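Colleague: Following my numbering, the numbering of the sequence shown begins with 1030 at its first residue and continues without gaps. Pasting in a structure now, in structure tokens, and then I'll have a few things to ask.
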Amino acid sequence: MTVRAIRGATQLDADEAEHLLERTAELMTTVLDRNELTSDDVISIFLTATPDLRSAFPAVAVRQLGITDVPMMCAQEIAVSGALPRVVRLMAHVETTKPRSEIRHIYLHGTTVLRDDLADR
């Protein structure tokens, strides 16, 4: 097994708690599914939100998926002029047998512009 980092992001239509939790859960499940992982493979998750998102902690959505024994941290992205608004990002550290070239980074709902070079097609 090797430790790999998987990136991902999703954009919200509005800063509403239920919407934030739904989009974050979708992002986390998509990361796991497309990389053929289970929650047991996850070592830690770092989640960020842009400064315009204040309705809920993204980690709550991950916990609601049943991933409760994984260390998580939420932080605020730096406020950069012109940055994409209403974005939740994640970086998950996982154990996997896959080489780095087979890791699928997930960018949903218009966020492929953040890392077009990494985005899973």
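Ideal Cβ placement from N, Cα and C applies to all residues, glycine included. The structure displayed is predicted, hence computed values, not measured ones.
Please list the terminal residues of the continuous beta strand (DSSP E) segment that includes H1138.
Modeller: Where H1138 is concerned, there is no enclosing beta strand (DSSP E), given that its DSSP letter is neither H nor E.
Colleague: Any idea if I1035 is buried or exposed, counting beta-carbon neighbours within 10 angstroms, 16 or more meaning buried?
Modeller: So I1035 ends up on the buried side.
Colleague: Given this structure, state the Cα-to-Cα distance separating N1064 from V1116, to the nearest angstrom.
Modeller: Between N1064 and V1116, the C-alpha separation is close to 22 Å.
Colleague: Would the segment 1101-1111 and the segment 1066-1076 be scored as touching if the rule is three or more Cβ pairs under 8 Å?
Modeller: Touching, yes.
Colleague: Name the two residues that bound the continuous beta strand (DSSP E) containing E1124.
Modeller: First-last of the beta strand (DSSP E) with E1124: V1116 to T1125.
Colleague: Which same chain residues end up closer than 8 Å to V1156 when comparing Cβ atoms and leaving out the 5 residues on each side of it in sequence?
Modeller: Here the chain covers residues 1030 to 1150 and nothing more, so residue 1156 does not appear.
Colleague: When the Cα of I1135 is compared with those of A1038, T1031 and V1032, which residue comes out closest?
Modeller: Comparing Cα-Cα distances from I1135 to each of A1038, T1031 and V1032, the minimum goes to A1038.
Colleague: Spatial neighbours of S1084 within its chain, please: C-beta separation below 7 Å, excluding the five flanking residues on both sides.
Modeller: Excluding sequence neighbours, S1084 sits near D1044, E1045, A1046 and L1049.
Colleague: Can you have a look at A1121 and say buried or exposed, based on whether 16 or more other CB atoms are within 10 angstroms of its CB?
Modeller: Flag for A1121 reads buried.
Colleague: In the DSSP assignment, find the beta strand (DSSP E) that holds A1054 and state where it starts and stops.
Modeller: Unbroken run through A1054 is the alpha helix (DSSP H), A1046 to R1063; no beta strand (DSSP E).
Colleague: Helix, strand or coil for S1073, going by three-state DSSP, please let me know.
Modeller: Three-state DSSP puts S1073 in a strand.
Colleague: Do L1143 and L1113 count as a contact pair if the criterion is CB distance below 8 Å?
Modeller: Yes.
Colleague: Can you name the residues that DSSP bridges to M1102?
Modeller: DSSP output for M1102 lists F1075 as bridge partner(s).
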